[in-house]
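Heads up: the structure comes next, in structure tokens.
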Amino acid sequence: VKSSGIDHLTGTAKSANMKIITRPMTADDIPFITRWMIQVPLWQRYRLDEQKTRQQLEAALRSQDILLVADTDLGARACGFTWVMPKGGFGRAYLRLIGVQPGHTGAGIGTALLDETERITAGISKGLFLLVSDFNTDAQRFYRRHGYRQVGAVPAYVLPDVAEFIFYKSLPGP
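Quick note on numbering: the sequence shown equals residues 428 to 601 in my numbering.
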């Protein structure tokens, strides 16, 4: 199922078989999101646990970071999310996390979330940067398809045996 675009007035992306609705994350979404996040092998490698992740997302809500979730018209709640720190560094916003719940990948949810995240972020920042692990080639392809380019790398930033690639995209900012 491929996303065929997002209606920026409603935050709804249309795909062949479902609608993806993006909306601000609420405190009620956090327990649900953290439960599925800790089951994802990528995040297990980074030793995320439910309590720490929940506390980080709650703090992000309090600090008014940009947190979005995706629901579907087929009943899937918070099946994806993004977390943007508006004052990330280099004078640009930082996409700290993006995730899609296992079983919902490949349905356009990540694209819908990234599109909406960029649209919102463009109002406050001239660009968006993120880190992606050297071994996460699927994510690297995803970001390149969406206009991001690798601008650097940070060796052993989080894990001693992993380089984090810095990706960046200019946005039609303020």
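Note that the Cβ used here is the ideal one computed from N, Cα and C, for glycine as well.
Quick caveat: nothing in here was measured; it's all calculated off a predicted structure.
- Per DSSP, reduced to three states, the secondary structure at Tyr595 is strand.
- The Cβ atoms of Pro451 and Val511 lie no closer than 9 Å to each other.
- The C-beta distance from Ala580 to Phe594 rounds to 10 Å, too long to meet the 8 Å contact threshold.
- A contact between stretches requires three or more CB pairs, one per stretch, nearer than 8 Å, and the region 584-591 fails this requirement with the region 536-551.
- The three-state reading of DSSP puts Gln478 in helix, counting H, G and I together.
- Between Phe556 and Lys596, the gap from beta carbon to beta carbon is short of 9 Å.
- One Cα belongs to Trp463, the other to Asp542, and the distance between them is close to 23 Å.
- Following the DSSP letters along the chain, one finds Leu469 inside the alpha helix (DSSP H) bounded by residues Pro468 to Arg472.
- Distance check between Gln528 and each of Tyr521, Leu522 and Gly537 places Gly537 closest, using alpha-carbon atoms only.
- The beta carbon of Arg523 sits closer than 6 Å to those of Trp510 and Met512, all from its chain and outside the five residues before and after it, given in chain order.
- Separation of the CB atoms of Ile525 and Glu485 is rounded to 18 Å, and the pair is thereby denied contact status at 8 Å.
- One alpha carbon belongs to Tyr584, the other to Leu558, and they sit about 10 Å apart.
- In this structure, Thr449 sits away from Arg481, with a CB-CB distance that is not shorter than 9 Å.
- In this structure, the straight-line span from the alpha carbon of Gln491 to that of Arg474 is close to 25 Å.
- Sorting Asp565, Asp561, Pro599 and Arg571 by C-alpha distance to the C-alpha of Pro582 places Asp561 at the top.
- One thing to note: Ala566 has its Cβ no nearer than 9 Å to the Cβ of Ile447.
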